[in-house]
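Enquirer: Pasting a structure below so you can have a look.
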Amino acid sequence: MKEVKAALIGLGFMGSTHFRIYNELAGVRVAAVADIDPVKLTGDISKVIGNIGGGDNSVPLDMTGIATYENAFEMIAETDADIIDICVPTPLHTQYLLAALKAGKHVFCEKPLCRNLEQLAEIREAVKAADGLFFNAGMCVRAWPEYDTAVKLIKSGAVGEVKSALFRRLSPSVDGNAWNNWFMKEEMAGGAALDLHLHDTDFVCHLFGRPHAVSSFGVRGVVSDKGIDHIMTAYDYGDGKLITAEGGWCAPNNVPFEMSFQIICEKAAVKLDAAGFHVYWNDGKIETPDTGDAALPTGWHRELEYFTACVRDNVTPDRWQNPDSIFDSLTVVMAEIESATEKKTVEVKYV
Ligand SMILES: NC(=O)c1ccc[n+]([C@@H]2O[C@H](COP(=O)([O-])OP(=O)(O)OC[C@H]3O[C@@H](n4cnc5c(N)ncnc54)[C@H](O)[C@@H]3O)[C@@H](O)[C@H]2O)c1
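In case it helps, this note's numbering puts the sequence shown at residues 99 to 449.
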């Protein structure tokens, strides 16, 4: 099996999660890591905190044989890795993504792809021009076992037409979790609206396509400096179905993280909540669908396993995303932020 090498930028919560996953995948190796924090480059990630998943950060990462850099541009220029994987705070993604494509590397970039629509325009141009290079973003919910299974079930027609759907992502506060506390700075993270709720916006677009317009309500500055820390949106598809999503990170630290959905269809409700993932049929039957490969337990595992396999086999990735679909959902969430800010329904202007 041809070995695929990844070079990581950022070894915080997401970078260390990706590091571990690459190490678990057969035929994949982390060749290089860049982080401005020299402590993390020794493998010491004891100060790293995340809201779900991850591993035991008191155990140092094994950096044997891995080239380390404090300057990510140097790493991009020198590494022989096939993939540059970008896991730094959101406003920094663009500069590394552009440099990586210019250096002829495939790119996996964490979500949100970037902080604003100006950066998105630059990325769009660079990705479209990068012939033969593969690009995926960390929109892991598309690949998350229960969400992916729900899509397959709905698209199969077995549960009938969707009548309404509600998606929720409620996190305990992430104040104090990240490098330089960047999540709490609206200019960096874009509040929970961009950083967290984007996952559900993206999933709504993935499942139902492009909404015409969005109507959002939000509250700012509850835990962050001035970001929208809790947002609720109705997505207008103009066809009578009610599609809504809610996301926030305002809860105290002792509140468990919740990611859930309820999709009401003609013949059944498809539901993920604290009771688990079930299909509740109208005739009273309750089923627990098989969500696939237990060796790949999260969307993070599945998206990286798939992307590295595509790079190995030189096959353009298309299972869960194409670049345009990533650009679209970012455009939609920006419209949601505008809607909540301006207190009006906003028509989404797709490029
Ligand atoms: N897909 C998901 O479910 C998910 C979950 C959490 C975070 N994220 C995203 O992943 C990205 C990283 O978030 P995180 O939670 O890992 O943050 P974090 O603060 O835990 O880690 C960021 C890391 O980047 C490093 N860094 C900062 N500036 C740098 C630079 N110029 N060059 C190199 N390294 C630099 C920091 O030292 C730190 O190690 C963000 O875009 C975030 O939104 C995605």
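Each residue gets a CB set at the ideal place from its N, CA and C atoms; glycine is no exception. Computed from a predicted model, the values in this text were never measured in an experiment.
For Met432, which of Ile361, Cys212, Thr342, Gly110 has the nearest alpha-carbon?
Expert: Ranking the options by Cα distance to Met432, first place goes to Cys212.
Enquirer: Measuring only from the beta carbon, is Trp277 closer than 6 Å to any heavy atom that is part of ligand 1?
Expert: Yes, ligand 1 has a heavy atom inside 6 Å of this Cβ.
Enquirer: Mind the definition here: the segment 284-301 touches the segment 317-332 only if three or more C-beta pairs lie below 8 Å; say whether that holds.
Expert: As far as the Cβ criterion goes, the segment 284-301 touches the segment 317-332, which means the pair count is three or higher.
Enquirer: Go to Phe359, then tell me how far its beta strand (DSSP E) extends in each direction, as first and last residue.
Expert: 356-363 is the extent of the beta strand (DSSP E) around Phe359.
Enquirer: Could you have a look at Gly202 and say whether DSSP puts it in helix, strand or coil?
Expert: Coil at Gly202, not helix or strand.
Enquirer: Cutting at 8 Å between CB atoms, please list the residues of its own chain near Pro158, excluding the five before and the five after it.
Expert: Hits under 8 Å: Thr140, Gly141, Asp142, Ile143, Ser144.
Enquirer: Using a threshold of 7 Å, state whether the C-beta atoms of Gly179 and Ala124 are closer than that.
Expert: As written in the sequence, residue 179 is Ala, which differs from the Gly given in the question. Going by C-beta atoms, Ala179 is not nearer than 7 Å to Ala124.
Enquirer: If you scan the segment 299-350 from start to end, which runs of the beta strand (DSSP E) of 3 or more residues do you find wholly inside it?
Expert: The qualifying runs are 311-318, 326-334, 340-349.
Enquirer: Quick one: is Ala219 buried, meaning 16 or more other Cβ sit within 10 Å of its Cβ, or exposed?
Expert: With fewer than 16 Cβ atoms within 10 Å of its Cβ, Ala219 is classed as exposed.
Enquirer: What three-state label does DSSP hand Asp273 in the structure shown?
Expert: In the structure shown, Asp273 sits in coil (DSSP, three-state: anything other than H, G, I, E or B).
Enquirer: Would you say Tyr120 and Val128 are within 7 Å of each other, going by their C-beta atoms?
Expert: In contact: Tyr120 and Val128 (Cβ atoms closer than 7 Å).
Enquirer: Name the residue from Ser271, Asn169, Ala438 whose alpha carbon lies nearest to the alpha carbon of Ala349.
Expert: Among Ser271, Asn169, Ala438, the Cα nearest to that of Ala349 is on Ser271.
Enquirer: Any heavy atom of ligand 1 inside 6 Å of the beta-carbon of Ala170?
Expert: At least one heavy atom of ligand 1 is nearer than 6 Å to the Cβ of Ala170, so yes.
Enquirer: Is the beta carbon of Val205 within less than 6 Å of some heavy atom of ligand 3?
Expert: For ligand 3, the structure offers nothing, since it holds only ligand 1.
Enquirer: Suppose you measure from the CA of Thr414 to the CA of Cys207; what does that come to, to the nearest Å?
Expert: Distance between the alpha carbons of Thr414 and Cys207 is about 16 Å.
Enquirer: Going by DSSP, what residue range makes up the alpha helix (DSSP H) through Trp398?
Expert: Taken as a continuous stretch (DSSP letters only), the alpha helix (DSSP H) holding Trp398 covers 397-411.
Enquirer: Tell me which same chain residues have a C-beta within less than 7 Å of the C-beta of Arg417, skipping the five on either side of it?
Expert: Only Tyr404 meet the Cβ criterion.
Enquirer: Is any heavy atom of ligand 1 found at a distance shorter than 6 Å from the C-beta of Leu211?
Expert: It does not: the Cβ of Leu211 is nowhere closer than 6 Å to a heavy atom of ligand 1.
Enquirer: At a cut-off of 6 Å, would you count Glu208 as near ligand 1, judging by its Cβ distance to the nearest heavy atom?
Expert: Checking the Cβ of Glu208 against ligand 1 gives yes.
Enquirer: Output the residue ranges of the alpha helix (DSSP H) runs that lie fully inside the segment 174-256 and measure 4 residues or longer, sorted by chain position.
Expert: Those alpha helix (DSSP H) runs which fall completely within the segment 174-256 and span 4+ residues are 191-200, 215-227, 243-254.
Enquirer: At a cut of 8 Å, does the segment 293-300 reach the segment 382-391 through at least three beta carbon pairs?
Expert: Too few Cβ pairs lie closer than 8 Å, so no.
Enquirer: Just the C-alpha distance for Cys408 and Lys441, rounded to the nearest angstrom, thanks.
Expert: Straight-line Cα distance between these residues: approximately 43 Å.
Enquirer: Can you tell me where the alpha helix (DSSP H) holding Val102 begins and where it ends?
Expert: Counting along the chain, Val102 falls outside any alpha helix (DSSP H), though it belongs to the beta strand (DSSP E) covering 102-107.
Enquirer: The alpha helix (DSSP H) with Lys447 in it runs from where to where?
Expert: Where Lys447 is concerned, there is no enclosing alpha helix (DSSP H), given that its DSSP letter is neither H nor E.
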